[in-house]
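Let me begin by presenting the structure, written as structure tokens, before commenting on it.
2 protein chains.
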Amino acid sequence: MDERKKRVLSAIINDYIANAEPVGSRTITKKYDLGVSPATIRNEMSDLEDEGYIEQPHTSAGRIPSAKGYRYYVDHLMRRERLSAAQLRQIREFMASGLSEMDHFMRACCNMISRMTNYTAIAAIPERSSGRIVNLQLLPVNERQVLTILLTSSGLVRYKLLDLPSLAESRELPLLEQRLQQALVGSELSAVSTERLHELIQELQLRERMQEQVIGLLEQTLAPEESRRVFTGGVMNMLSQPEFRDIDKLKGLFSLLDEDGRVKELLAKASPEDSVLTVTIGGEIPVEGVQDCSLVVANYFVDGERAGSIGVLGPTRMSYGRTVSLMEQIAAELSRTMSGKEK
Amino acid sequence: MDERKKRVLSAIINDYIANAEPVGSRTITKKYDLGVSPATIRNEMSDLEDEGYIEQPHTSAGRIPSAKGYRYYVDHLMRRERLSAAQLRQIREFMASGLSEMDHFMRACCNMISRMTNYTAIAAIPERSSGRIVNLQLLPVNERQVLTILLTSSGLVRYKLLDLPSLAESRELPLLEQRLQQALVGSELSAVSTERLHELIQELQLRERMQEQVIGLLEQTLAPEESRRVFTGGVMNMLSQPEFRDIDKLKGLFSLLDEDGRVKELLAKASPEDSVLTVTIGGEIPVEGVQDCSLVVANYFVDGERAGSIGVLGPTRMSYGRTVSLMEQIAAELSRTMSGKEK
DNA sequence: TGTTAGCACTCAGGGAAAGAGAGTGCTAAC
DNA sequence: GTTAGCACTCTCTTTCCCTGAGTGCTAACA
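From first to last, the protein sequence lines are chains A and B. Under our numbering, the letters of the first sequence match residues 4 to 346, in that order. Under our numbering, the letters of the second sequence match residues 4 to 346, in that order.
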């Protein structure tokens, strides 16, 4: 693809991103100074269409980028847009504001991103986060219930209120707690499998009928809590996008965003384990409901291992340059902040 | 209003609720057997319109209920609809499934209601919930952070990860924890004001520079956590309502539902402190964005005091009979379940 | 006096027709 | 290889007309 074709493609995509309307040859000569006449542009456009980079909604309309066109743009033409000082400051302030609890932190992060981009932000924390168990407590709430609390070095707090099946056991709680602490505090979360728990219970030599209760208890506490490991922000921004004037499209998209499982699947499919940033365009994602969307996903890492994914979902006609810069910055800061946390 | 007028109004409202289309005189004679001709119905309708119970979108259309009409219907004509056995069972099962943590419980409750009604459910837990402090713990996470955990008799678990301004203090934590427990465990949450905390700190005779830190710590822990005291469910159901085919209306409504503060305001304005169930119709609520909606709010009580509000937001054309029955049932069960919890 | 049939009238919604405008593709000249 | 000119295509908008639903009014009826 020669230089001028690239400039034409760039112009078409940039204009379409800005105005959401098919771009004609005259528009290009007027707004983007390529030094040639509309007729020449038309020839180039005709070529670009033959090669599949752009398409025509109908004969008498301008051209719009195709998925292939966007792909080429993202891979070769796109300029990263420098973040404004104000934005940088906002991100830094946010990171410094303390990520006390993962929950609030991620929710707030999604909100910040959605406000900055005017798109929708989605995030997921992986199933079992890395980190060591820092503390494990069993707090009796009343005769029938116990609150188990798990603290990890990555700043994750997990608690679960569990029902005790029999009153008798509550008397043995302090002892149980002590033993569990001895056994588990300090170990890597990832090392605590169901098998390990079974062994542990054996070692503890508990009364038989209590064994499975305790295992259940711990498993539930350690179990990844599906529900709150997926976050979204700025879903409503989609309402302002002209491509979602159509209620049925909205429905499809929103029903997707409403289901944590499908959001997680989306993030997983859109970003390889070890990539920092992935841009997925339109139909490239094999997930129902996001055909007209693009997704910019960033992974952040702690100790070289992926600690989570966070992404921006917008119309295919999204402002890639801005979004990519922003997400690179955010991922970097997240990695830094979370690693700092570890120490 | 005579008997026949009531029947006509009922017919109009029931039909409009079912079909979302203006109701004509012929439709009424055909579908609702009133034993009179369309012409007679027309006369009645003309009267009803003069009195403001119904209105005409345009000359050649049927009639639709006005806010006043709905109000009369809800107050005098509406039949409560018996819940199906399946629904009752679902509710009971849900209540029995354990309200381990308020958060998940309320979220799940909203989801259940929205599934049952196909409308949107909103809920709020009041600022400072009733109940006694059952346990208060300060768990050191690392040198710089402490996790404060507060357990209340109403089953509420609140935790907050707090930064310690200086390392020195962390050594004094166990002592502090012990003293705070002695002083606070057992007291009513509502009795713990900022003033009380100040007194308490005085009594504890802490080193001066630690005093305000501890107060801050406790205040933050006790402080109502705005963010997660408001819940919504089934927001997307609104997309299926014909009255929200219009994107701009949707935007107004969704932006309201997106802001916890405004949702809380809505619930508060829509239900008097001591009422069990309140139906608010259309413009009756002085809140931007819900002009085309009605709201059925139920309060539930623990120890005679309001423990929270939960409501259904739907189009003015909502199925009041069904919704009211459902919410009465839910509120009753909530009151029962939460009171049971106390013991 | 209340009810009904008949009829003229009104108005939204849908479809067809016409015109405007945007944009292209092709041809021929530069 | 580039450009001007021009015919052509197709959408979008506006206008017009027609249809159908539903009303309100009047006069007759019980």
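We put the beta carbon where it would ideally sit given N, CA and C, even for glycine.
In the DSSP assignment, find the alpha helix (DSSP H) that holds residue i and state where it starts and stops.
| i | result |
| --- | --- |
| B:R240 | A small correction: the amino acid at residue 240 of chain B is Asn; Arg does not occupy that position in the sequence shown. Note, B:N240: premise wrong, no alpha helix (DSSP H); not H, not E. |
| B:I116 | M105 to T120 |
| B:T43 | P41 to D53 |
| B:L91 | A88 to A99 |
If the cut is a Cβ gap below 9 angstroms, which residues of chain B does residue i touch?
| i | result |
| --- | --- |
| A:R248 | I250 |
| A:L183 | Those within 9 angstroms of A:L183 in chain B number zero; the least Cβ separation is about 15 angstroms. |
How would you list, in chain order, the residues of chain A whose beta-carbon sits under 8 angstroms from the beta-carbon of residue i?
| i | result |
| --- | --- |
| B:S258 | M239 |
| B:Q140 | Q140 and L142 |
| B:K254 | M239, L242 and S243 |
Which bits of chain A does residue i rub up against, with CB to CB less than 7 angstroms?
| i | result |
| --- | --- |
| B:D261 | M239 |
Tell me the DSSP bridge mates of residue i?
| i | result |
| --- | --- |
| B:P143 | B:V149 |
| A:R66 | A:V26 |
| A:I313 | A:A126 and A:A301 |
| A:F234 | A:A126 |
| B:E191 | B:R135 |
| B:V11 | DSSP output for B:V11 lists no bridge partner at all. |
| B:V293 | Bridge partners of B:V293: none, in fact. |
| A:V282 | A:V299 |
| A:P318 | A:C296 |
| B:T155 | B:I136 |
| B:E222 | In the DSSP output, where bridge partners are listed per residue, B:E222 has none listed. |
| B:E202 | Its beta-bridge partners do not exist; DSSP assigns none. |
| A:E58 | A:I67 |
| A:E308 | A:V305 |
Going by DSSP, what residue range makes up the beta strand (DSSP E) through residue i?
| i | result |
| --- | --- |
| A:V266 | Careful: A:V266 lies outside any beta strand (DSSP E), inside the alpha helix (DSSP H) at D263 to A273. |
| B:L187 | Run containing B:L187: none in the beta strand (DSSP E); it sits in the alpha helix (DSSP H), L176 to L187. |
| B:T288 | With the sequence shown as reference, residue 288 of chain B is identified as Ile, and Thr is not the correct amino acid for it. It is not in any beta strand (DSSP E) - B:I288 carries neither H nor E in the DSSP assignment. |
From residue i to residue j, what does the alpha carbon distance come to, in whole angstroms?
| i | j | result |
| --- | --- | --- |
| A:P318 | A:D295 | 6 angstroms |
| B:L269 | A:L80 | 49 angstroms |
| B:I94 | B:V266 | 24 angstroms |
| A:L176 | A:P143 | 8 angstroms |
| B:L82 | B:S328 | The amino acid at residue 82 of chain B is misidentified as Leu; the sequence shows Arg. Using only the alpha carbons, I get a separation of about 9 angstroms. |
| B:S49 | A:D251 | 38 angstroms |
| A:S230 | B:V282 | Residue placement at A:S230 cannot be trusted, given a pLDDT of 43 that sits under 50; what the coordinates show is reported in the next sentence. One C-alpha to the other measures close to 32 angstroms. |
| A:E222 | A:C112 | 29 angstroms |
| B:S40 | B:A21 | 23 angstroms |
| B:T340 | A:P289 | 44 angstroms |
| A:S297 | A:S193 | 33 angstroms |
| A:E206 | A:E191 | 19 angstroms |
| B:L150 | A:A310 | 22 angstroms |
| A:F108 | A:A126 | 11 angstroms |
| A:N138 | B:Q148 | 13 angstroms |
| A:S3 | A:L12 | Past the boundaries of the shown model lies residue 3 of chain A; chain A is included only from 4 to 346, so the question cannot be answered. |
| A:F97 | B:S100 | 38 angstroms |
| A:E198 | A:L183 | 15 angstroms |
| B:L51 | B:Y323 | 21 angstroms |
| B:I31 | B:E276 | 40 angstroms |
| A:L91 | A:S338 | 16 angstroms |
| A:M330 | A:G72 | 22 angstroms |
| B:D5 | B:Y35 | 17 angstroms |
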